[in-house]
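Taking our numbering, I'd label the letters of the sequence shown as residues 786 to 1044. Ideal placement from N, C-alpha and C gives every residue a C-beta, glycine not left out. Since we're looking at a predicted model, the values are computed, not measured.
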Amino acid sequence: MMDLFLQGRIAASDRAMKQAIERLSTGKRINRASDDPAGMIVATNFKTEIKEIEKSIEAAERHNHYLAAKEGSLSVIADMMIELQGITVQASNRGALGQGELEALQQQANGILDGIDFIAATARFNGELLLERLNAKDLGLRRLVASDDDDEGESHPRWFMDLQWGDLEAIQKAVDSASSGVNLTRAGIGAMIQRNESNIRLSMNQLESLSSEVSRIEDADYAEEISKLVRAQVLREVGMRSLMIHRESAGRALGLIGA
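Here it is in structure tokens:
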């Protein structure tokens, strides 16, 4: 009986040594479900939450990249609108300007409208148009208001943004309104970026907390595992010596009986 008992103690020490060595080599306290079934379930649930949070952070960051690209394109249009406002102010003094000066201002205004249309048609993020509904027509700056016939009966369109013959007061109001609309859109985008950044910071804090909990549950305590390994080695050696002494004693006893 003593022989079996000592062999059992040695086997238990071997298992403890093997477990300590495994934990020290992997750095994990839980390497299989049998190590800590309840802890494994909790850690797995936390890992699922971590994956979900990581995905939400990635989505928020992608959205912010999209919004930043859109705001950047809008900032170019906003600068163009400021320039256009200056042109309409110059043109408002129409009586003091010569024909050549008015034509030059008109060319500048038309160039700005063309620039707005170009940005609206080409600004993209990952292949998606950023300013699909923000061209000069959508902003109310490029529209046909009338069509005049000349002496030969040919029709000539008259556009709203006509600095020589158009309603300059209405033009200035339209430009101011369009500029305000662009700036409001930029402000809205800025607010969304801030909100996303706030959510990202909150999610990062949650991620750090959950990761810390998973580490606390799963990770091995090196000092503790080394202590367990040394203890198991000592117990195994004691067990082996005790078994050897027991067997020697049993052998001598049998020898005496036989004698």
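Helix, strand or coil for residue i per DSSP?
{"i": "R909", "result": "strand"}
{"i": "K922", "result": "coil"}
{"i": "L929", "result": "strand"}
{"i": "L916", "result": "coil"}
Please classify residue i as buried or exposed, where buried requires at least 16 other C-beta atoms within 10 Å of its C-beta.
{"i": "S997", "result": "exposed"}
{"i": "M989", "result": "exposed"}
{"i": "A955", "result": "exposed"}
{"i": "Q831", "result": "According to the sequence shown, residue 831 is Phe rather than Gln. Buried, because 16 or more other Cβ atoms sit within 10 Å of the Cβ of F831."}
{"i": "V874", "result": "exposed"}
{"i": "L1058", "result": "The structure shown does not extend to residue 1058, since the chain is modelled only from 786 to 1044, so the question has no answer here."}
{"i": "A972", "result": "exposed"}
{"i": "E888", "result": "exposed"}
{"i": "E856", "result": "buried"}
{"i": "A828", "result": "buried"}
{"i": "A976", "result": "exposed"}
{"i": "A823", "result": "exposed"}
{"i": "A894", "result": "buried"}
{"i": "D935", "result": "Its pLDDT being 48, under 50, D935 is placed unreliably in this model, and the coordinates cannot settle the point."}
{"i": "R800", "result": "exposed"}
Going along the chain, which residues of its own chain have a beta-carbon closer than 6 Å to the beta-carbon of residue i, five neighbours each way excluded?
{"i": "L916", "result": "S858, A905 and A908"}
{"i": "D821", "result": "I815"}
{"i": "S964", "result": "M866"}
{"i": "E834", "result": "L995"}
Please work out which residues of its chain come closer than 7 Å, Cβ to Cβ, to residue i, disregarding the five sequence neighbours upstream and downstream, and give them in chain order.
{"i": "M825", "result": "I815 and A818"}
{"i": "K922", "result": "R928"}
{"i": "Q991", "result": "I838"}
{"i": "L890", "result": "I872, Q875, A876 and L948"}
{"i": "N984", "result": "A845"}
{"i": "G981", "result": "Inspection of the sequence shows that residue 981 is occupied by Asn rather than by Gly. Around N981: A845, H848 and N849."}
Leaving out the 5 sequence neighbours to the left and right, which residues in its chain are closer than 8 Å to residue i when beta-carbon positions are compared?
{"i": "N968", "result": "A863"}
{"i": "L953", "result": "T873, A876, S877 and R879"}
{"i": "N920", "result": "I901, D902, A905, A906 and R927"}
{"i": "G966", "result": "L924"}
{"i": "V960", "result": "M866, L869, Q870, T873 and L926"}
{"i": "K840", "result": "none"}
Using a Cβ-Cβ distance under 7 Å, would residue i count as near chain B?
{"i": "F903", "result": "This model lacks chain B altogether, as it is built from one protein chain only."}
query: Is the segment 867 to 875 in contact with the segment 836 to 852, if contact means three or more CB pairs nearer than 8 Å?
result: no
- request: Kindly provide the ranges of any alpha helix (DSSP H) runs that are 4 or more residues long and lie completely inside the segment 802 to 890, ordered along the chain.
  value: 822 to 876
- request: Jot down the residue ranges of each uninterrupted alpha helix (DSSP H) in the segment 939 to 1004, minimum 4 residues, whole runs only, in chain order.
  value: 953 to 1003
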